[in-house]
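Reviewing the structure listed below.
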Amino acid sequence: MVAARLLERLKEAVKDAPDFPRPGILFKDIMPVFQDPKLVSDTCAALVEEVENVGKPDVIIGIEARGFLIGPIMAQKMGIPFVAIRKKGKLPRECFSVKYEKEYGVEEFDMQKDALTPGQKVVVVDDLLATGGTLEAAAKLCDMAKATVIAHCIMFELDFLKGRDRLTHPVVSLVRY
Numbered sequence: 006m007v008a009a010r011l012l013e014r015l016k017e018a019v020k021d022a023p024d025f026p027r028p029g030i031l032f033k034d035i036m037p038v039f040q041d042p043k044l045v046s047d048t049c050a051a052l053v054e055e056v057e058n059v060g061k062p063d064v065i066i067g068i069e070a071r072g073f074l075i076g077p078i079m080a081q082k083m084g085i086p087f088v089a090i091r092k093k094g095k096l097p098r099e100c101f102s103v104k105y106e107k108e109y110g111v112e113e114f115d116m117q118k119d120a121l122t123p124g125q126k127v128v129v130v131d132d133l134l135a136t137g138g139t140l141e142a143a144a145k146l147c148d149m150a151k152a153t154v155i156a157h158c159i160m161f162e163l164d165f166l167k168g169r170d171r172l173t174h175p176v177v178s179l180v181r182y
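Take 6 as the starting number for the sequence shown in this note's numbering and just add one per residue.
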């Protein structure tokens, strides 16, 4: 069970940015969380605990870019590897690729074909769950590698966008708006 005080600290750290990146969007800026090393450590420890309640992954997958901020810390705490999912063209060697619709347009992600082995259990980590397109695309890349997604792990979730509804794997999140 995540301590109520940690959830309060996370909510206090997040800053609202109205009309960003375009008019009508209320952007949740999580970057102030990373100005507090204790809050980052406590957040990652809580996410690890929540993930372990779902199962024991073999690999943590981090989605560019903010999944790179918490994913490696979680992987290190769990003593397991970290694998990156990056925007198209950012990874060398042969990659799996998937296009997906995001809140602001179409994007494409890559994951190196040799990053996972068939049958590995993975947890996909990102900062925020909005419409679910990013996490759905990441799960498709894991499927292409014949790995098994056991959970999506998120710091913040925007419930009103119903992103959880389009995902087929359990979702672990700390703060829900």
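From the three backbone atoms N, C-alpha and C, an ideal C-beta is built for every residue, glycine too.
All of these numbers come straight from a predicted model, not from anything done at the bench.
### Query
Taking one C-beta from the region 129-145 and one from the region 73-85 each time, how about it: are there three or more such pairs within less than 8 Å?
yes
### Query
In terms of residue numbering, what span does the beta strand (DSSP E) encompassing ILE78 cover?
If you number the sequence shown from 1, residue 78 lands on position 73. Unbroken run through ILE78 is the alpha helix (DSSP H), 72-83; no beta strand (DSSP E).
### For GLN117, the three-state DSSP class (helix, strand or coil)
If you number the sequence shown from 1, residue 117 lands on position 112. Correct three-state label for GLN117: strand.
### Task
Leaving aside the five residues before and after PRO86 along the sequence, list all residues of the same chain whose C-beta is less than 7 Å from its C-beta, in chain order.
Residue 86 sits at position 81 when you count from the first residue of the sequence shown. Only VAL64, ALA80 meet the Cβ criterion.
### Message
Taking 8 Å as the threshold (C-beta atoms), are ILE90 and LEU140 in contact?
### Response
Position 135 of the sequence shown, counting from 1, holds the residue named residue 140. Position 85 of the sequence shown, counting from 1, holds the residue named residue 90. No, the Cβ-Cβ distance between LEU140 and ILE90 is not below 8 Å.
### Query
For VAL103, which option in THR122, GLY124, PRO123, GLY138 has the closest C-alpha, if you only look at C-alpha atoms?
Position 98 of the sequence shown, counted from the start, is the residue given in the question as residue 103. Among THR122, GLY124, PRO123, GLY138, the Cα nearest to that of VAL103 belongs to GLY138.
### Task
Use the C-beta contact count for PRO37: other C-beta atoms within 10 angstroms, 16 or more gives buried, fewer gives exposed.
Indexing the sequence shown from 1 puts residue 37 at position 32. When all chains shown are included, PRO37 counts as exposed.
### Message
What does the alpha-carbon distance come out to for the pair LYS95 and ALA120?
### Response
Looking up residue 95 in the sequence shown gives position 90. Looking up residue 120 in the sequence shown gives position 115. The straight-line gap from Cα to Cα measures roughly 15 Å.
### Task
Tell me whether LEU134 is buried or exposed, calling it buried when 16 or more other Cβ atoms sit within 10 Å of its Cβ.
Counting from 1 along the sequence shown, the entry for residue 134 is found at position 129. Its Cβ being crowded by 16 or more others within 10 Å, LEU134 is buried.
### Of the residues ILE68, VAL59, VAL45, PHE25, the one placed nearest GLU113, counting alpha carbons only
If you number the sequence shown from 1, residue 113 lands on position 108. Out of ILE68, VAL59, VAL45, PHE25, ILE68 has the C-alpha closest to the C-alpha of GLU113.
#### Entry: Length of the line joining the Cα atoms of LYS20 and GLU13
In the sequence shown, counting from the first residue as 1, residue 20 sits at position 15. In the sequence shown, counting from the first residue as 1, residue 13 sits at position 8. Going by the C-alpha atoms only, they are around 13 Å apart.
### Query
To which residues does DSSP link LYS101 through a beta bridge?
Here residue 101 refers to the residue found at position 96 when the sequence shown is read from its first residue. Correcting the residue type first, residue 101 is Phe in the shown sequence and not Lys. Partner(s): MET116.
### Query
Just how far apart, CA to CA, sit VAL154 and ASP148?
Position 149 of the sequence shown, counted from the first residue, corresponds to residue 154. Position 143 of the sequence shown, counted from the first residue, corresponds to residue 148. If you take the alpha carbons of VAL154 and ASP148, they lie about 8 Å apart.
### Message
For ALA8, which residues in the same chain have their Cβ closer than 8 Å to its Cβ, ignoring the five residues on either side in sequence?
### Response
Reading the sequence shown from its first residue, position 3 is the one you call residue 8. These residues qualify, in order along the chain: ALA51.
### Query
What are the partner residues of SER46, as DSSP defines its beta bridges?
Taking the sequence shown and counting its residues from 1, one reaches residue 46 at position 41. DSSP lists no partner for SER46.
### Message
With the cut-off set at 8 Å, would you say LEU44 and ALA18 are in Cβ contact?
### Response
Here residue 44 refers to the residue found at position 39 when the sequence shown is read from its first residue. Here residue 18 refers to the residue found at position 13 when the sequence shown is read from its first residue. Closer than 8 Å, so yes.
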